[in-house]
Each structure stands twice: as C-alpha cells, then as structure tokens.
Amino acid sequence: MTAGGDEDAVAQATRVSLRLLAERIEQLTGQIDELNQRLTGLVERHAPQLLVPVGIGPDSAVTLLITMGDNPEWLGTEASFAALCGVSPVEYSSGRQNSRRLNRGGDRQANAALHRIVFTRLRHDPRLRRTTHAALRRAKPVVRSSVASRDMPPARSSTWSGRPLPTPRYRGCRGR
506 MTAGGDEDAV AQATRVSLRL LAERIEQLTG QIDELNQRLT GLVERHAPQL LVPVGIGPDS
566 AVTLLITMGD NPEWLGTEAS FAALCGVSPV EYSSGRQNSR RLNRGGDRQA NAALHRIVFT
626 RLRHDPRLRR TTHAALRRAK PVVRSSVASR DMPPARSSTW SGRPLPTPRY RGCRGR
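If you count by the numbering used here, then the sequence shown holds residues 506 to 681, one letter each, in order.
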C-alpha cells in the first residue's frame, strides 16, 4: 500500500467518526429539548409562579418542588424551607464566643439549585451585584501583619494578677 492510500483511509475514518458524533449530538440535543419542554409543562401546571423570577429555570424549579415533596403545608416559613435545603445558619459555640456557620445538612440538590439561582440573579441584576459586593467588602475581616501583632500587648483576662505568663511549650519546640 502506498502512503497516499493510508492518508485517504485515515481521512475517511475521521470523516465517518465525526459524522457519527454529530448525529449523536443532534439526537441528545433533541432529547434534552423534549425533556425541558415536559419539565416546563409540569412546573407551569403545578407551580407557575416559580418560573416568573429571573434565574429560575425549569430544572431548578423541579428540584425545589421535589424537595418540598407532597406536603408543602409542613413548610410554614421560609426558615423551615431554608433548613430543608441546607442554607440556614446554625449557631455554634466555642465556649467563649457564639457564632454561626452555614448548615451542612439538608438536600444537596436543592442547595445547588438555590446556588445557581442566586448567582444567575446576581449576573443579570446590576443593582444586586453592587449591593452584594459592597456587603462582602464590609464583611472582610481585618488582617494584621505579624509585626503589628508582635508589638501589641498580650491579652489579659479580668483575673490577671500581674505575673508574667509562662512560655508555652509545644511538642517539637524548644523552650527558652
């Protein structure tokens, strides 16, 4: 066989493979479109108000409806739905301070749907984007340099007696 014949066979195999992949992509795109139409019809029939706000598509709406389940009357408040989706704050304490963290429980698919909705809305509404970025800037913790931390006096409790505190000894570190 000649070198030209090998190149023709490779080119022909590449064309056939690309044609088969393109046909498969068209089939899958058609199936996706059909499923989206069915989901949109279901959401419009059961909860049409979910599709009105920007950022909520049929897939996110269906996810939230599945999370609510057959008994939406059990969810009396937004807080109960937030807890069900895992986006409610949970208080915790280290003994001295009371703080909050985001709930790690709940339905992860609903949590992801809410995440997509929020960021889609932020992308489409510049007023929300400005207020969110301003709130994030205000919420940034103040970071001190190591020089500033070293120059500060040690923290004292209300029962401080004036004696210097002993140097802590850590495993693997030499004491002074």
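Where a beta carbon is used, it is the ideal one built from N, C-alpha and C, also for glycine.
Annotation for N608: no alpha helix (DSSP H) segment contains it, and DSSP assigns it neither H nor E. Going by beta carbons, V592 and L570 fall outside the 8 Å limit. Between the alpha carbons of A566 and R543 lies a distance of about 13 Å. Around the C-beta of A527, fewer than 16 other C-beta atoms lie within 10 Å, and the residue is accordingly described as exposed. N603 sits in a strand when the DSSP states are folded into three classes. Judged by beta-carbon spacing, C590 lies within the 8 Å limit of D612, meaning their Cβ atoms are closer than that value.
Around the C-beta of V548, 16 or more other C-beta atoms lie within 10 Å, and the residue is accordingly described as buried. Considered as a whole, the stretch 512-599 harbours 594-598 as its complete beta strand (DSSP E) runs of no fewer than 3 residues, in chain order.
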